[in-house]
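Since the structure comes first, as structure tokens, the remarks are kept for the end.
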Amino acid sequence: MEGIFLRIADFAKQLFSSLNFGPEITSILMALFHVSAIIGFVLLNVLVLVLLERKLSGYFQQRPGPNRLGPNGAFQTIADVIKLFGKELIIPKAADKWVFILATIVVFIPAVMLYAVIPFGKKMIAIDLNIGIFYFIAISSTATIAFIMGGWGSNNKYSLLGGMRTVAQMVSYEIPLVFSLLGVIMIAGSLKMSDIIAAQKDVWFIILQPIAFIIFFISSIAELNRAPFDLPEGEQELVAGPYTEYSGMMFALFFLAEYANMVSISAIAVTLFLGGWQGPILPSWMWFVIKLYIMIFLYMWVRWTFPRIRIDHLMHFNWKFLLPLSLVNIVITGIGIKLVNWLNWF
Amino acid sequence: MYGKGLLEGLKITVGHLFGKTITQKYPEVKPNLPPCTRCFFELIEEKCIACGICANACPNNVIEVQSVRGEDKKRKLTGYKMELGYCLFCGLCVESCPTDALNFTQDFELSCYHRDNTVYYFVEGQTDENSVEDKVKKSEA
């Protein structure tokens, strides 16, 4: 069980090299194979997550959730996807056509690129960059531009306002998010994903860095634009923010990117705080998936428990509470590391 | 302490998660309504003495009782019409019935497409021709 995916990859590699195209083309084919595997993983997860979200939201609110299509509503997402495919793609006449269309692609590409550095299991990482976590932060922050593009391209004042609100929120919350990761990186002494996981062999970083984990969790919710920080969308009270003018598959791409981001940020939480793929008995990738879904469950639990907070409270909370707290956490971590080193030296 | 309320909220929702759902799957499963629900009426013809107290008690003139005097000079019920479109379900008719012939039932599926369908006849074989209004109209004509 442990090496099942590695064996599939080896098999693909042998298959491609047996075609005798030369090493360059073989490596390109292998990269394509990896990319398609990752996109498959993303799409599969989104399918499961949409259903899971709707079912869990139902259970949290004492109702059964979707329960008409298939056994206990299991085919609901499939019906939703078919509906979205069938919808007309409407591009408003006054919209900035290219920006409007490009925004959907710009939001989706970083969401997939993030998976390059996620360790799904033992040796199951597409590229083990030595600046892995830095790459993750850099790429995830580029998703912000898509929201302002969508808002601007729609040529609709509500979209633009929604886009600006999204960007303000995401840019602000990125700072405590990154600072909360710094403590972990300081203890691990590396930005490389495999090193960070190896450093958690004995004790998970959630135990050494509980405050950092809480800060990371809160600011990642804001980063994902999920309730209670879903000001950009605000389904019930605001117009859908930058998504207002989007329809059909273009809307679905935004939706897809949102869930893809949720999976990737949960994966980062697992890697940095919950010991990554490490665990006894079960194969490593299974541990990764279990921990991933525990994180996702936490996000959903929070979403369906708390009411939305006001935009000024949101900003105050970030700049006046989370940011100073994350800075203090870094200082304390630094002192702690020095102390431990000093004690070891004696 | 900050965050105590947040934890309380999380506790409540996780309780809901593992608790029973309160939603009723309505068309498949009929809801179990409280016993005093006022939805529709039922008339027990054998008990009815056609006294007309219910019709008098009604504030909206919903009820129309038709009867004939039998050979023993007792009233016999021939028609019982309710125009539920006017009914406000106050229950005065049910309360005032001396023989408990009129009762509420829990059948709430009363929606219909036309106003005419809100008129209900409780005695079998009763037709609208017997109604008082029609007689008045006929006499006027």
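Sequence lines, in order, name chains Z and F. All you need for my numbering is the position in the first sequence, starting with 1, plus 540. All you need for my numbering is the position in the second sequence, starting with 1, plus 33. The beta-carbon is built from N, C-alpha and C at its ideal position, and this holds for glycine as well.
Counting along the chain, the unbroken beta strand (DSSP E) around F:Phe137 starts and ends at Leu135 to Thr138. Taking the C-beta atoms as reference points, Z:Met835 is found nearer than 8 Å to Z:Ser806. For the pair of segments examined, the segment 850-870 of chain Z was found not to touch the segment 789-809 of chain Z: the number of CB pairs separated by less than 8 Å stays below three.
Residues of chain F with a Cβ closer than 8 Å to the Cβ of Z:Gln601 are, in chain order, His49.
Contact between the segment 584-600 of chain Z and the segment 563-574 of chain Z is not established, with fewer than three Cβ pairs separated by less than 8 Å. In the structure shown, F:Tyr154 adopts extended strand secondary structure according to DSSP, grouped into three states. Z:Pro782 is not a Cβ neighbour of Z:Thr684, given a cutoff of 8 Å. Excluding its 5 nearest sequence neighbours in each direction, Z:Gly819 has C-beta neighbours in its own chain below 7 Å: Trp827, listed in chain order. In the three-state reduction of the DSSP assignment, Z:Ser694 falls in the coil class, being assigned neither a helical nor a strand state. A direct Cα-to-Cα measurement between Z:Ser720 and Z:Glu542 gives close to 32 Å. Taking 8 Å as the threshold, the shortest C-beta distance from Z:Trp859 to chain F does not fall below it. Bridge pairing for F:Arg71: absent [DSSP].
Apart from the 5 residues on each side of it in sequence, Z:Val803 sits with its Cβ closer than 6 Å to the Cβ of Asn585 in its chain, given in chain order.
Taken atom to atom, the span from the alpha-carbon of Z:Arg603 to that of Z:Glu763 is near 29 Å. If the five residues before and after Z:Arg843 are omitted, its C-beta is found closer than 7 Å to the C-beta atoms of Arg766 and Ala767, all from its own chain and listed in chain order. The alpha helix (DSSP H) runs of length 4 or more contained entirely in the segment 83-116 of chain F are, from start to end of the chain, 86-90.
Around the C-beta of F:Asp149, fewer than 16 other C-beta atoms lie within 10 Å, and the residue is accordingly described as exposed.
Using a CB distance cut-off of 8 Å, Z:Pro611 does not count as an interface residue toward chain F. Taking a 10 Å sphere around the C-beta of F:Val101, we find fewer than 16 other C-beta atoms and assign the residue as exposed. By the beta-carbon neighbour count (other beta carbons within 10 angstroms, threshold 16), F:Cys145 is exposed. According to the DSSP assignment, Z:Ile747 belongs to the alpha helix (DSSP H) that extends over Phe745 to Leu748.
Taking F:Asn94 as reference, the option from F:Leu125, F:Asn65, F:Glu104 and F:Ile77 with the minimal CA-CA separation is F:Leu125. Setting aside the 5 residues that flank it on each side, F:Gln57 is surrounded in the same chain by Pro64, each with a C-beta closer than 7 Å to its C-beta; the list follows chain order. For the 8 Å CB-CB criterion, Z:Leu854 and Z:Leu771 form a contact. Under the Cβ distance rule, Z:Phe846 counts among the residues neighbouring chain F, one pair being separated by less than 8 Å. A straight-line Cα-Cα distance of about 12 Å links Z:Lys663 and Z:Arg547. The DSSP-derived three-state label of Z:Leu629 is coil.
Taking the Cα positions, F:Phe73 is about 58 Å away from Z:Ile645. In this structure F:Met34 is exposed. Its beta-carbon is surrounded by fewer than 16 other beta-carbon atoms within 10 angstroms. Burial state of F:Asn136 is exposed, judged by a 10 Å Cβ sphere holding fewer than 16 other Cβ atoms. Here DSSP, grouped into helix, strand and coil, assigns F:Leu76 to strand.
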